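Read through the structure below, which is laid out as structure tokens, and then see the notes.
Residue numbers (the working numbering): 884 to 1514.
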């Protein structure tokens, strides 16, 4: 119910007019680098805070050099809801429904009705008779509504039986709250007064930690789906409190009490140096959603939610020990995380960061895995590129001690490879894969794709420093194929683009007198081998692609805002995939689908996923390229 409310609030952003967003000014002070000191400065009508932070602190080294060198005067919008949150919060998601953050959404809306006309809040949110979202909530509701997840406090644990699987749900519900910040505290007070005057039930008033909590116990609620009874008007249980100009809502008083206690112990979220990284992120103000959390706090909740109990194991027959082990391992590796999602004029962006518990220059990835892109065909529909698969495999193997699930996956591959390919996975294959590598999917009406009636080709490029070992592996693979096929495969040497390639040729399904190439491989240069599902596909790589994927405008646009250097790209040519699907696989869709669906499909351009690593954090960036929809 709480999540639905957040979706509801963010669904009608154009209905709300907020006051100017407060800003923060960060000043450096190397003598007070251990923790930020926030000082309220009355500048005009906009609150400003000053944070004393060492400019060269590792936490801020990922920001542009001008920010590192001079943080003083850097203004960053504050979020009032963070004042209600404790500094040791397990996780929080902020939902920004200010107009600037949402102004680009309508560029990609194919429907004639915009978000404003939908007016979802009035249709779904249940308020006492005579009250409405537009008149009673919108005037005071500020941006950055938050949903908070707290690690279980003693107040929560005292109310549940940890040996009872039902306690799982109880602990979870008692750890969630919503924070609705106010841009005008007097209007929030007026709302609470009117809510009490018009409510169908009288609440229990609870004084706790200097605040008053209003709680409504559950009665026989009337089913009103899809309406949301967040204020308990129809009999649902709820609790609310005004905490420093923030309306805090929960399913019962316990999360609110726990929040008050945690703030008293750890300060509010603005006292956290790590959270200030979020406020300083260049996309904080533009992001529709922002997340922040603490890996260590997740370990605590896992210990509570997954107790060592035979009864619990019988009720939840998944391997929850793996979950606990994984979280404990993650907490040793990483300290905090944050994430951002925003919509720009060219599409949708998302970014997540996990900060190392022990930052080190050795963690920075400095080698760009992009040289191989010049060897990939521009007509590729999907491409994956990276470097040093041998090292990546070793890293995965090391992680099996921390994450047992990885071990099952790797062991399966080790056992299956000899059966399928006649090769030892690590000795025959991975041992020489120490350079850049790539895999691509592209249109092709020949080779294995033709035989399977797919009209698609698959290609692999692998760079190696040990050509001799790679050649031995390919020869061993060919011998295995000849034996396993009982002579149905013929080996031929073919000239493609001036280079010699080995082709495995098999009888065509409809005419056994004709042979078709189902698999082919050969060297593009001294250290790059190309493997494809047929000799015809190798024309995409030899003598060289024209154009190469890196030279296409679509790919350049897709990676324009991606971090450099990085660990490689996962790229999808959505424009080409949609066209291929509609013309080759499902042409009838064009006549059956509503026009809005066709418009959405035509708006799709590309999708990109990139991983990168600095000395302080590992980062994932996602981009969905879109063209504005004409109406």
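Heads up, the beta-carbon is just placed ideally off N, CA and C, and yes, glycines get one too. Note that this is a predicted model, so its numbers are computed, not measured.
Item: Between 1010, 987, 1328 and 1209, which has its C-alpha nearest residue 1074's C-alpha?; Value: 1010
Item: Is residue 975 close to the ligand ATP? I mean its beta-carbon at under 6 Å from any heavy atom of the ligand.; Value: This structure lacks the ligand ATP; in fact it carries no ligand of any kind.
Item: Nearest to residue 1317 by CA position, among 1291, 1410, 1092 and 1403, is which residue?; Value: 1410
Item: Specify the secondary structure class of residue 1013 as computed by DSSP and reduced to three states.; Value: coil
Item: Alpha carbon to alpha carbon, how far is residue 1447 from residue 974?; Value: 29 Å
Item: So what's residue 1208 in DSSP terms, helix, strand or just coil?; Value: helix
Item: If distances are taken between C-alpha atoms only, which option among 1441, 1484, 1499 and 1420 comes closest to residue 1492?; Value: 1441
Item: Considering only C-alpha positions, which residue in the set 1180, 1150 and 1023 is nearest to residue 970?; Value: 1150
Item: Within a Cβ cutoff of 6 Å, which residues of the same chain sit near residue 1102, ignoring the five residues on either side of it in sequence?; Value: 1118
Item: Following the continuous alpha helix (DSSP H) through residue 1075, name the residue where it begins and the one where it ends.; Value: 1068-1081
Item: Between the C-alpha atoms of residue 1278 and residue 1297, what's the straight-line distance to the nearest angstrom?; Value: 16 Å
Item: What do you get for residue 1084, buried or exposed, if any count of 16 or more other CB atoms within 10 angstroms of its CB means buried?; Value: exposed
Item: Along the chain, which unbroken stretches of the beta strand (DSSP E) at least 3 residues long are found entirely within the stretch 1094-1156?; Value: 1094-1099, 1121-1126 and 1129-1133
Item: If we count Cβ pairs, one from each stretch, closer than 8 Å, do we get three or more for the stretch 1498-1508 versus the stretch 1468-1485?; Value: no
Item: Excluding the 5 residues flanking residue 1005 on each side, which residues of the same chain have their C-beta closer than 7 Å to its C-beta?; Value: 1015, 1016 and 1017
Item: Where do the N-terminal and C-terminal ends of the beta strand (DSSP E) with residue 1220 fall, by residue?; Value: 1217-1227
Item: Going along the chain, which unbroken runs of the alpha helix (DSSP H) with 4 or more residues stay wholly within the stretch 1284-1328?; Value: 1287-1304
Item: Could you tell me which of 1413, 1377 and 1361 sits nearest to residue 1370, measuring between CA atoms?; Value: 1361
Item: Would you identify the three-state DSSP class for residue 1033, choosing helix, strand or coil?; Value: coil
Item: Measuring alpha carbon to alpha carbon, tell me which of 1430, 1211 and 1228 ends up nearest residue 987.; Value: 1228
Item: Which word fits residue 1027, buried or exposed, when buried means at least 16 other C-beta atoms lie within 10 angstroms of its C-beta?; Value: buried
Item: Flag this pair as yes or no: are the beta carbons of residue 1454 and residue 1235 separated by less than 7 Å?; Value: no
Item: Using only alpha-carbon positions, find the residue among 1512, 1022, 1058 and 1288 that is nearest to residue 1037.; Value: 1058
Item: Just tell me which of 1353, 1394, 1398 and 1343 has its CA closest to the CA of residue 1415.; Value: 1343
Item: Note down, one range per segment and in chain order, each beta strand (DSSP E) of at least 3 residues found wholly within the stretch 1409-1438.; Value: 1411-1415
Item: Could you work out which residue in 1258, 1377 and 1064 is closest to residue 1433 when comparing CA atoms only?; Value: 1258
Item: Alpha carbon to alpha carbon, how far is residue 1160 from residue 1060?; Value: 23 Å
Item: Just mark residue 1168 as buried or exposed, buried being the case when its beta carbon has 16 or more other beta carbons within 10 Å.; Value: buried
Item: Rounded to a whole number of angstroms, what is the C-alpha to C-alpha distance between residue 1256 and residue 1430?; Value: 11 Å
Item: For residue 924, which three-state DSSP category applies?; Value: Any reading at residue 924 is ruled out, since the residue's pLDDT is 34, under 50, leaving its predicted position unreliable.
Item: Pull up the CB-CB distance for residue 1437 and residue 1488, whole angstroms please, since I reckon it's below 8 Å.; Value: 7 Å
Item: On a CA-only basis, which of 1347, 1325, 1288 and 1310 is nearest residue 1337? Give me that one, please.; Value: 1325
Item: Would you tell me roughly how many angstroms separate the C-alpha atoms of residue 1124 and residue 1029, rounded to the nearest one?; Value: 15 Å
Item: For residue 1021 versus residue 1129, is the C-beta distance shorter than 7 Å?; Value: no
Item: Can you tell which of 1248, 1113 and 1139 has its C-alpha closest to the C-alpha of residue 1007?; Value: 1113
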